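Everything in the sequence shown is counted per our numbering, starting at 1 for the first residue and increasing by one.
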Amino acid sequence: MVDHDRLIEKLSREARPVKRPWSDGWRVLAWILMALPCGVLGSLLVQRVATDWSVSGAWHAVLQLALTFVMGVMAIRNAFLLSIAGRKPLGWRWFVPLILLWLVGALSSFGVTPVQAHAADEANCFAFMMTVSTPMMLLVIGYLRRTRALYPLRTLAAAGAGVACMALTLLYFCHPVDIHPMDFLLHLAAVITIVSATIVLGWRLVVIS
């Protein structure tokens, strides 16, 4: 019993006030206001040409941009919801229609530009997405580290998907309106890489040991 009393006394001395995290909406807004400027600054490291919004078919890019941004916000919010017990994240039914719309828009924007004209730009797209996603990825892991997560895999996967969507959003500001199938596949490869990297880098920091 004496040992228990000493333990309680020690824990009482070392205990610190618990600071309640912000509400989910404020956390998402704060992350966006920090992450997107960091992504824009990171984009300066990769040489790109701004999108020509005057060309025909530019509305495809506008639609894609809007869809990826909305999906990114929803995915980041889901990650924050999953990191706190008792919160109910959005189900997959909310994401499927948006993903299908994005896929249809992407497939309909396949252009007739020769493959050679896209060859140099394809690898550059991958490098761009990885570069702009790095600071955003570190920021979201930092946010999740504060609350940790009961379901680290789902939480980090949602966070990585949100970061990937935001990277795609920034890419649409400096990408030709029409894309090539190989270019599209590299976009998907970048998304998978970003999600995987978020899980690997954030696992030990987010998991409750």
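Glycine included, each C-beta is placed from N, C-alpha and C at the ideal position.
Bear in mind that the values here come from a model prediction, so they are computed numbers and not experimental data.
My output table needs one value for valine 213: the three-state DSSP class, helix, strand or coil. The structure shown has nothing for residue 213, since the chain only spans 1 to 209.
Start and end residues, alpha helix (DSSP H) containing arginine 27: 24–43
Closest by C-alpha distance to arginine 154, when choosing among Leu201, Leu107 and Leu82: Leu82
Could you give the residue range of the alpha helix (DSSP H) that holds glycine 105? 92–108
Return yes when at least one heavy atom of the ligand PLP lies under 7 Å from the C-beta of tyrosine 172, else no. The ligand PLP is not among the ligands present in this structure, which contains no ligands whatsoever.
Looking only at C-alpha atoms, which of Phe69, Ala66, Leu67 and Ala61 sits nearest to serine 213? Summary: the structure shown does not reach residue 213, with the chain confined to residues 1 through 209, and so no result is reported for it.
Under 8 Å: do the segment 163–181 and the segment 194–208 share three or more Cβ pairs, one atom per stretch? yes
To the nearest angstrom, how far is the alpha carbon of leucine 185 from that of threonine 147? 35 Å
Option nearest alanine 190 by Cα separation, candidates Arg93, Arg87, Val132 and Phe69: Val132
State the Cα-Cα distance for the pair leucine 65 and serine 54, rounded to the nearest angstrom. 16 Å
Please give me, in chain order, every unbroken run of the alpha helix (DSSP H) with length at least 4 that falls completely inside the segment 170–206. 181–206
Separation of arginine 6 from glycine 39, as counted between CA atoms: 50 Å
Beta-carbon contacts of alanine 157 that lie in its chain and below 7 Å, excluding the five residues immediately before and after: Val195 and Ile199
Tell me the DSSP bridge mates of alanine 149? Val207
Nearest to proline 37 by CA position, among Gly57, Leu139, Leu67 and Gln47, is which residue? Leu139
Top-ranked residue by Cα proximity to valine 96, from Ala79, Ala85, Val70 and Gly86: Val70
Assuming aspartate 52 contacts cysteine 125 (C-beta within less than 8 Å), just tell me the rounded distance between them. The pair is not a contact, with the Cβ atoms about 16 Å apart (cut-off 8 Å).
Based on Cα-Cα distance, which residue from Phe173, Tyr143 and Leu98 lies nearest to glutamine 47? Phe173
Verify whether the separation of the beta carbon atoms of phenylalanine 110 and aspartate 24 is less than 8 Å. no
Closer than 8 Å by C-beta to valine 206: which residues in its own chain qualify, once you throw out the five before and the five after it? Chain order, please. Ser83, Ile141, Leu144, Arg145, Arg148, Ala149, Pro152, Thr155 and Leu156
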